[in-house]
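Q: Take a look at the following structure, please.
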Amino acid sequence: MQNQGKSNKHSVILEAATEQLSLKPTSTLQEIADYAKIGIATLHRYFSSKEALLEEIAFHALELVESSMEEITFYENDINRSFMELFQKLIPLGDKIYFLAYAASVDENPEVAFREAALKKVLMDSIRGWKKQGLLKDSLPEKWMLTTIYNLLFVAWQEIHSGNMAKNDAAGILTDTILNGFLNVNKKGDSYGH
1 MQNQGKSNKH SVILEAATEQ LSLKPTSTLQ EIADYAKIGI ATLHRYFSSK
51 EALLEEIAFH ALELVESSME EITFYENDIN RSFMELFQKL IPLGDKIYFL
101 AYAASVDENP EVAFREAALK KVLMDSIRGW KKQGLLKDSL PEKWMLTTIY
151 NLLFVAWQEI HSGNMAKNDA AGILTDTILN GFLNVNKKGD SYGH
């Protein structure tokens, strides 16, 4: 029973550390401990160094994102449904996706970098397929689309975390933003206001 409590505490610390580092990437171990509402000695009991913590966060994040990606179906002819499903699964993991994309320590570990690239490839393959079908603009680079989606996943997570967006609305808002942008296509006249 005590191992279960220790395992649970370990998971809580990992979650808090991921969140804190996503909100403030330069966080010290003391700031991470404070955010997790534990003492620095407790943090050191679970993680011998910041590097050990960062590596474990990366592997934990990969496991969660990989598991979620396995549950997503990318529908060849239904881009709206595909994005809704993608965002419903991944917005709650926005802090982990951000950590994987931007933590310098991630790039230093070949296994982490390889697994993250494999995750991105799944979405990139779908983007390429949708572009070939004419569902996405040919004029926008695929890498730009992928980077935009990844960044907006974190922004949506951050907006929910800050209380600026309802969790249940996030996937729809993000899908609409990706597929329709900000332009009001229902407005009469030139679409750019000229």
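Quick note on numbering: the UniProt record's numbering labels position 150 of the sequence shown as 150, and the sequence is numbered without any gaps.
Quick reminder that beta carbons are idealized off the backbone N, C-alpha and C, glycines included.
(1) Can you look up Gln158 in the DSSP assignment and give me helix, strand or coil?
(2) Is it buried or exposed for Ala61, if we count other Cβ within 10 angstroms and need 16 for buried?
(3) Can you tell me whether Glu116 is buried or exposed? The criterion is at least 16 other CB atoms within 10 Å of its CB, across all chains shown.
(4) Below 8 angstroms on the Cβ atoms is my contact criterion, and I expect residue 225 with Leu43 to pass it. Report the Cβ-Cβ distance as a whole number of Å.
(5) Can you list, in chain order, the residues of its chain whose CB lies under 8 angstroms from that of Gln30, leaving out five sequence neighbours each side?
(6) Only counting runs of 4 or more residues, tell me where the alpha helix (DSSP H) segments fall wholly within the region 129-180, in order along the chain.
(7) Could you tell me the alpha carbon to alpha carbon distance between Leu135 and Trp157, rounded to whole angstroms?
A: Inspection of the coordinates gives the following:
(1) Position 158 of the sequence shown, counting from 1, holds the residue named residue 158. Note: Gln158 maps to helix in three-state DSSP.
(2) Reading the sequence shown from its first residue, position 61 is the one you call residue 61. So Ala61 counts as buried.
(3) In the sequence shown, counting from the first residue as 1, residue 116 sits at position 116. By the 10 Å Cβ count, Glu116 comes out buried.
(4) The structure shown has nothing for residue 225, since the chain only spans 1 to 194.
(5) For the purposes of this step, residue 30 is identified with residue 30 of the sequence shown, where counting begins at 1. If we look at Gln30 and ignore the five residues flanking it on each side, its Cβ neighbours are Ile40.
(6) 142-162, 167-180
(7) One-based indexing of the sequence shown puts residue 135 at position 135. One-based indexing of the sequence shown puts residue 157 at position 157. Each residue's Cα considered, the two are about 26 angstroms apart.
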